[in-house]
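So the structure is just underneath, and the comments pick up after that.
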Amino acid sequence: MNILKNDLLLRTLRGETTERTPVWMMRQAGRYLPDYMKLKEKYSFFERCQNPELATAITIQPVEQVGVDAAIIFSDILVVPQAMGMEVQMVEGKGPFLPDPVRRIEDLDKLHLPDVEEKLGYVFDALRLTKKTLDGRVPLIGFAGSPWTLLCYMVQGKGSKTFDEAKAFCYTQPETAHRLLQMITDTTIAYLKGQAKAGADVVQIFDSWGGLLGPEDFETISLRYIRQIVAALKEEVLTIVFAKGAWSSLEGMAATGAHGLGIDWCIRPQMARQLAGPKVALQGNFDPAKLLSPIPVIRKEVTAMLDAFQGHPHIANLGHGILPDVPVDHARAFVDTVKNYRP
Ligand code: CP3
Numbered sequence: 019m020n021i022l023k024n025d026l027l028l029r030t031l032r033g034e035t036t037e038r039t040p041v042w043m044m045r046q047a048g049r050y051l052p053d054y055m056k057l058k059e060k061y062s063f064f065e066r067c068q069n070p071e072l073a074t075a076i077t078i079q080p081v082e083q084v085g086v087d088a089a090i091i092f093s094d095i096l097v098v099p100q101a102m103g104m105e106v107q108m109v110e111g112k113g114p115f116l117p118d119p120v121r122r123i124e125d126l127d128k129l130h131l132p133d134v135e136e137k138l139g140y141v142f143d144a145l146r147l148t149k150k151t152l153d154g155r156v157p158l159i160g161f162a163g164s165p166w167t168l169l170c171y172m173v174q175g176k177g178s179k180t181f182d183e184a185k186a187f188c189y190t191q192p193e194t195a196h197r198l199l200q201m202i203t204d205t206t207i208a209y210l211k212g213q214a215k216a217g218a219d220v221v222q223i224f225d226s227w228g229g230l231l232g233p234e235d236f237e238t239i240s241l242r243y244i245r246q247i248v249a250a251l252k253e254e255v256l257t258i259v260f261a262k263g264a265w266s267s268l269e270g271m272a273a274t275g276a277h278g279l280g281i282d283w284c285i286r287p288q289m290a291r292q293l294a295g296p297k298v299a300l301q302g303n304f305d306p307a308k309l310l311s312p313i314p315v316i317r318k319e320v321t322a323m324l325d326a327f328q329g330h331p332h333i334a335n336l337g338h339g340i341l342p343d344v345p346v347d348h349a350r351a352f353v354d355t356v357k358n359y360r361p
C-alpha cells in the first residue's frame, strides 16, 4: 500500500530532479465540481467532513476528473478550533461563523487541548479510507491552518478582509494571544502527527492571513509557531508552508526546514527563489482568477509560469484556492498544460 505509482510530488519535495513538474490545486476538493455540488444538496458541510466515505469520495473527485498529481483530504482548517471546544458554523453563502469568539483571558478557560484521536479521529479515518481507495495512484496531502490564521477566526468570529479585531487582540492582550497561539500549536502538532500516522504523505500548513502582518509581527505572531510545527513534523512527514502574502519572510520560512514553500502570484518566481534559496521546493503561483480566462490564454500563461520556475524544484499550483465559478475544463487545461510541458 505504500508503493506509489506517481510520486512526483514527493520526489520534488525531497529536492530530486523529476521527469516533469507535479501539479495540484489548493482547494481542489469541492467547490467547482458538479459532483460535489450534488453531495452538497444532501449533506451539511461538517457532515461531509465527518463522514469518511463522503470525505473520501470528495477527495478523490479531482484526481479522477481533473488528473491532478496529488489528493488533498477533504476537511477544513476550522475543525481544530471545533476540537478545542469552540462552536463553528458554516453558513451557506457567507462562510464560517463562530458565535462565541475569544475576546479576553477568561475565554481561554472554555478551551482545551483535545485528545486528537477522540475529537479528530474522523479525519484520520477519512485519511485511512482515502489512502486505501487511492491504491497508490497519487500521494495524499493532509493539512492544518497555521496558529495565527486559526486565531483570526477564533477571535474575529467570522471571515474578514483585515481581521482587525484579531490583530487588536494580539496588540492589546499579547500574553493571552500567545497563550492561545501556543495552545493551537500544541493541538496542531498532535493533529498533524496523527494525520501522518493515518497515511498523509505530505502535510501543508495554510497561513492564509500571514500577509496581513508586517514582517516583524509575522515573525513573532505567526512564523514562531509555524517553526515549532515544522520542527516537530519534518522528520516524520514532508511539509509545505503556505503563508499567503508573506513573501518578504520567505527566507525565514525556508530556515524552518520545510520541504516546500507556497507562494502567491504577487511575487515573481525568480525573486521568490532568491529569497528562499536554491534547495526548497517552491509551490505556486498561478493567479486563481486567471483560470477564468479563455483556455488558450490559460495554456500560454501556465507555460510562462513554468518557464519562470525552471532550474529548481517546483510544484505547479495556484497562488491561492481555486474559485467556485471556474469551469472544470479550465481547471483541466491548467493541469494538462503542466503535464504536457517540456522545457
Ligand atoms: O484543498 C481542498 O480542497 C481540501 C479542502 C479544504 C477546505 N477548506 C474545504 C472547504 C481546505 C484545504 C480548506 C482550508 C481552509 N478553510 C482555509 C485555508 C485555505 C484558504 O483558502 O485560504 C481557510 C481560510 C478555511 C476557512 C473556510 N472554510 C472558509 C473561509 C470557508 C468559506 C468560504 C470558502 O472558502 O469556500 C470555508 C468553507 C469550505 N471549506 C468550503 C470547502 C469546500 C466551501 C463550503 C461548502 O462547500 O459548503
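Per the numbering used here, the very first residue in the sequence shown carries number 19; after that it's consecutive.
Beta carbons: idealized from backbone N, C-alpha and C, even for Gly.
The residue among TRP283, LYS150, VAL344 and ILE21 with its C-alpha nearest the C-alpha of GLY48 is VAL344. Cα atoms of GLY232 and ALA250: separation of roughly 26 Å, rounded to the nearest angstrom. ILE285 carries a coil assignment under DSSP once its states are collapsed to helix, strand and coil. Residue range 332 to 336 is occupied by the beta strand (DSSP E) that includes HIS332. In the three-state DSSP reduction, LEU22 falls in the coil class, being neither helix nor strand. By the neighbour-count criterion, in which 16 or more other beta carbons inside 10 Å mark a residue as buried, LYS56 falls on the exposed side. Contact between LEU138 and ALA101 is confirmed by a C-beta separation of about 5 Å, below the 8 Å threshold.
Contact between the segment 304 to 313 and the segment 263 to 277 is absent, with fewer than three C-beta pairs closer than 8 Å.
ALA162: member of the beta strand (DSSP E) spanning 158 to 163, first to last residue. Here the C-alpha atom of LYS176 lies approximately 24 Å from the C-alpha atom of ARG242. Secondary structure note for ALA75: its alpha helix (DSSP H) is the uninterrupted segment 70 to 83. Under the 8 Å Cβ criterion, the segment 188 to 208 does not count as touching the segment 77 to 94, having fewer than three qualifying pairs. Less than 8 Å separates the beta-carbon of ARG155 from that of VAL81. Counting only the Cα atoms, ILE207 lies some 11 Å from LYS252. If you check the CB distance, GLY280 and ILE258 come in under 8 Å. Per the C-alpha coordinates, the member of VAL86, HIS130, VAL221 and ILE202 positioned closest to LEU145 is VAL221. Looking at the backbone, the Cα of THR36 and that of ALA186 are separated by about 46 Å.
Going by DSSP, VAL259 is part of the beta strand (DSSP E) stretching over 256 to 261.
Collapsing the DSSP output to three states places GLN100 in a helix.
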